[in-house]
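Chemist:
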Amino acid sequence: MARAIRHRKLRKADHADDGFQNKRPSWRLRKMSRCNCINRTEDSMELFEAIQTRHSLAKLKQDPIPRETIEKLLSAAVQAPNHYKVRPWRFVVLTGEGRNKLGEVMAASQMDRQPDLPQQAFDKTRSLPLRAPLLIAVGVDKPSEPKVLEIENVCAVSAACQNILLAAHAMGLGAKWRTGEWARDPKVKEFLGFEADQHIAGFLYIGYPEFTPDPSERPTYEDRTVWLD
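Quick note on numbering: the sequence shown equals residues -2 to 226 in the numbering used here.
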């Protein structure tokens, strides 16, 4: 067994204990593929700083995001834990004209369901995917065998989405996780290549923020936590 998985075997790495902010993990992968390794840079954030300062940002610039940056976001996503190692996430990356095509599908679906709406409503729907230069639709695989539970796949994909949001924030990008009716729309699912009974966990709108929001205090964990000692 050990030999069969030695390409994933962990080993200890020496590191200097120079304070909490500068500690490095004491374990590392013996072999790491280039696409799954996110290198630390001078501009990156500490983990807890990224978690505590991340906010959903709706106002994003239309400046295009480099392909290399998008690939780093996806590499961060697939580090999420997943039971039985089924990798239940599916990503559809939409930029440029791809966003316009999705907007047309959304508007057409709305016209079919609500033909009496004014033209302005259809135009607004058509423009929804254009709110950011990068849109990542994240789908959830259906369980592939009886031991795999649907809820566990959904949880794993949600963790992948959070990884993308944190990685985006750490790299100076803004992002907003959206769902709503379009995550359940059959025509949207078909356009994106998902089955009708497949979940779309969300649409991640990503871009450079127009402004940096002021820090805001969030509810703490106390009223949602029970300690059993």
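Ideal placement from N, C-alpha and C gives every residue a C-beta, glycine not left out.
Because the structure is a prediction, the values reported are computed rather than measured.
Tell me which residues share the same chain as A47 and place their Cβ nearer than 6 Å to its Cβ, disregarding the 5 neighbours each side in the sequence.
Modeler: Listed in chain order, the non-local C-beta contacts of A47 below 6 Å within the same chain comprise L163, H166, A167, local neighbours out to five positions each way being set aside.
Chemist: Which one or two residues does DSSP pair with P206 in a beta bridge?
Modeler: L57
Chemist: Pop quiz: F200 and R175 are said to be a contact at Cβ under 8 Å. What is the actual Cβ separation, rounded to whole angstroms?
Modeler: 5 Å
Chemist: Taking the alpha-carbon positions, what's the P112 to A105 distance?
Modeler: 10 Å
Chemist: Express the C-alpha separation of P85 and V145 in angstroms, rounding to a whole number.
Modeler: Computed Cα separation, rounded: 10 Å.
Chemist: Mind checking whether A134 and V83 have CB atoms under 8 Å apart?
Modeler: The criterion of a C-beta distance shorter than 8 Å is not satisfied by A134 and V83.
Chemist: Please state the DSSP three-state secondary structure of R175.
Modeler: Strand, per DSSP.
Chemist: Measure the beta-carbon distance from I62 to L131 and round it to whole angstroms, keeping in mind my assumption that it falls under 8 Å.
Modeler: The beta-carbon distance between I62 and L131, rounded to whole angstroms, is 5 Å. This is short enough to meet the 8 Å contact definition.
Chemist: Between P143, L125, Q116, which lies nearest to G100 when the distance is taken from Cα to Cα?
Modeler: For the residues P143, L125, Q116, the minimum Cα distance to G100 belongs to L125.
Chemist: Am I right that A157 and I203 are in contact with their C-beta atoms under 8 Å? What's the rounded C-beta distance?
Modeler: Not confirmed; about 14 Å, so no contact.
Chemist: Using the C-alpha atoms, what's the distance from Q116 back to Q159?
Modeler: Cα-Cα distance, rounded: 36 Å.
Chemist: Which of helix, strand or coil does DSSP assign to T66?
Modeler: helix
Chemist: So what's F227 in DSSP terms, helix, strand or just coil?
Modeler: Past the boundaries of the shown model lies residue 227; the chain is included only from -2 to 226, so the question cannot be answered.
Chemist: CB-CB under 6 Å to M42, same chain, minus the five flanking residues each way: which ones, in chain order?
Modeler: A167
Chemist: Here's the rule I'm using: 16 or more other beta-carbon atoms within 10 Å means buried, otherwise exposed. How should K58 be labelled?
Modeler: exposed
Chemist: Is R87 helix, strand or coil by DSSP?
Modeler: strand
Chemist: Who are the near neighbours of E147 in its chain, counting only those whose CB is closer than 6 Å to its CB and skipping five residues on each side?
Modeler: P140
Chemist: So, under 8 Å CB-CB, Q76 and V137 are touching, yes? Tell me the CB distance rounded to an integer number of Å.
Modeler: Rounded, the Cβ-Cβ distance is 17 Å, inconsistent with contact.
Chemist: Could you give the residue range of the alpha helix (DSSP H) that holds V185?
Modeler: 183 to 189
Chemist: Using only CA atoms, which one of N150, P210, F188, D220 lies nearest to P78?
Modeler: Of the candidates N150, P210, F188, D220, the one whose C-alpha sits nearest the C-alpha of P78 is N150.
Chemist: Tell me whether N193 sits in a helix, a strand or coil according to DSSP, three-state version.
Modeler: According to the sequence provided, residue 193 is Ala. The question's Asn does not apply to it. Coil.
Chemist: Measure the C-alpha to C-alpha separation of W224 and H80 and round it to an integer number of angstroms.
Modeler: 26 Å
Chemist: Run through the stretch 90 to 152 for me and flag every whole alpha helix (DSSP H) of 4 or more residues, listed as ranges in chain order.
Modeler: 94 to 110, 116 to 124
Chemist: With H, G and I counted as helix, E and B as strand and the rest as coil, what does DSSP make of L201?
Modeler: strand
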